[in-house]
Amino acid sequence: YLYNNRYAGDKVIRLIPETKREAHVLKDIYHQFKVDLWQPSSISSVSEGMVTDVHVSRNSSQNLLMSLQQANIQYEILISDLQEALEKESSWRTNRNRR
Amino acid sequence: SLGDYSYEVYHSLEEIQNWMHHLNKTHSGLIHMLSIGKSYEGRSLFILKLGKRSRHHKRAVWIDCGIHAREWIGPAFCQWFVKEALQTYRSDPAMRRMLNHLYFYIMPVFNVDGYHFSWTSDRFWRKTRSRNSRFRCHGVDANRNWKVKWCDEGASLYPCDDTYCGPFPESEPEVKAVAHFLRKRRKYISAYLSFHAYAQMLLYPYSYKYATIPNFSCVESAAYNAVSALQSAYGVRYRFGPASSTLYVSSGSSMDWAYKTGIPYAFAFELRDTGHFGFLLPESLIKPTCTETMLAVKNITLHLLKKC
């Protein structure tokens, strides 16, 4: 596997905070879980109505999703297994060469 | 030959640089390779000067890709652009006009250290790889390190953040090298184009504030026509507008710096997609993404050749 399979089980989640309260809560959650923000590029840019995509590790994803549910924030899982998506990004020949 | 190199796969930094060396030898009539400095880790910063040689000064367009390491579709587009230019110079009157009247300075990989790191270690790395003596974290956001409202809104002073602006403006050797190159030639450079991913947008200044640029009507009409041309390929919609309101406020960006330096047309492309694949755009989508983007870039370039 590419990158020693380190992204197995990692997820990319989309959230769109609908209110200022939700945006504030999301910022706290992102800080707490030290997420890799795909968009926007900075946690401080997260605001009401803005699309946010976060990459969260396998170990943190369950707790993060629970926090979102407790805060009643809707989310969508864009990529359920990042390693799988990574392997599909390139052809088998490219992947073989890289390995 | 051009035909042996695949433009529909992602390449390592070494492959891209070998390709640049190869074109420099085999297409010397239209290509000249330059090194404009060294990266933090000591790698050469190569650019390609593309266009018909002229004894007189020609205006130029600057194109850079891969400021952010994980945005691989950017460097793929830069390579595609060069390929298209060389392959269609004789057969396409528009391309011939572009290369006869202008030079194109193409930097296929701006953030060479970061790109190599994302290829070998951390696919989702964004920043450069410079080290900070006081913190354990590496890297500066190369699109927050320019001297234009440096480290204001949308950038961070904390070295472990992905939008870390650096200890001072142009602290990153890559940023400093490109800034020096552009500053020296600013009288001749008509457009600055920077390629990122992902959001499907065509952005123009300002990023750092909510305000209208003085030449708004010319820039806006160029952007409108460019996205219309892009959409004509496969129906893919791109939004366009000032970066601050279309995307988000960010200070210290290359696009704002280029504009402030006097380059009248400064654009940042956010290429495909809008989140389904995100940074992991499959190789099968390189061709349509680059084909449509090519139409936009040609449109902008031909707009430059007319007076607005």
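So the protein lines, in turn, are chains A and B. Quick note on my numbering: the first sequence kicks off at 559 and runs consecutively. Quick note on my numbering: the second sequence kicks off at 229 and runs consecutively. Glycine included, every Cβ here is placed at the ideal spot set by N, Cα and C.
- In terms of Cα proximity to B:Y333, the closest of B:W378, B:K311, B:W290, B:R325 is B:W290.
- B:S399 sits close to B:V368, with the two beta carbons spaced by under 8 Å.
- Distance check between A:M608 and each of A:L626, A:N655, A:S619, A:E576 places A:E576 closest, using alpha-carbon atoms only.
- Counting the other Cβ atoms within 10 Å of the Cβ of A:H589 gives fewer than 16, which makes it exposed.
- Closest in alpha carbon position to A:S619, among A:N630, A:G567, A:N562, A:L560, is A:G567.
- For the pair B:S482 and B:W374, the CB atoms are nearer than the 8 Å cut-off.
- A check of alpha carbon separations from B:S418 across B:I259, B:M522, B:A494 identifies B:A494 as the nearest.
- Using a Cβ-Cβ cut-off of 8 Å, A:Y588 does not count as an interface residue toward chain B, since no Cβ of chain B sits closer than that to its own.
- Cβ neighbours of B:Y438 within its own chain (closer than 7 Å, five residues either side excluded): S472, S473.
- Taking 8 Å as the cut-off, the Cβ atoms of B:C518 and B:F305 count as close.
- At a cut-off of 8 Å between beta-carbon atoms, A:E606 makes no contact with chain B.
- When the beta-carbon positions are compared, A:T652 and B:Y235 stay at least 8 Å from each other.
- With a threshold of 8 Å between beta carbons, A:Q597 makes contact with chain B.
- Just so you know, the alpha carbons of B:P492 and A:L640 end up roughly 41 Å apart.
- Residue-level contact check: A:S619 does not touch chain B, since none of the beta carbons of chain B fall below 8 Å from its beta carbon.
- Here B:M261 carries a strand assignment [DSSP, helix/strand/coil].
- Below the 9 Å Cβ cutoff, chain B contributes no neighbours of A:T610, its closest Cβ being approximately 10 Å away.
- Residues of chain A with a Cβ closer than 7 Å to the Cβ of B:V237 are, in chain order, S648, S649, T652.
- Between the alpha carbons of B:V403 and A:R579 lies a gap of roughly 38 Å.
- A straight-line Cα-Cα distance of about 10 Å links B:R298 and B:G506.
- Against chain A, a Cβ distance below 9 Å from B:G506 picks out V570, W596, Q597, D611, H613, L636, I637, A643.
- The Cβ-Cβ distance between B:Q307 and B:I244 falls below 8 Å.
- Assigned with DSSP and collapsed to three states, A:V612 falls in strand.
- Taking the CA atoms as reference points, B:V406 sits about 15 Å from B:F423.
- The Cβ of B:F352 sits closer than 8 Å to at least one Cβ of chain A.
- Rounded to whole angstroms, B:L475 and B:A383 show a C-alpha spacing of 14 Å.
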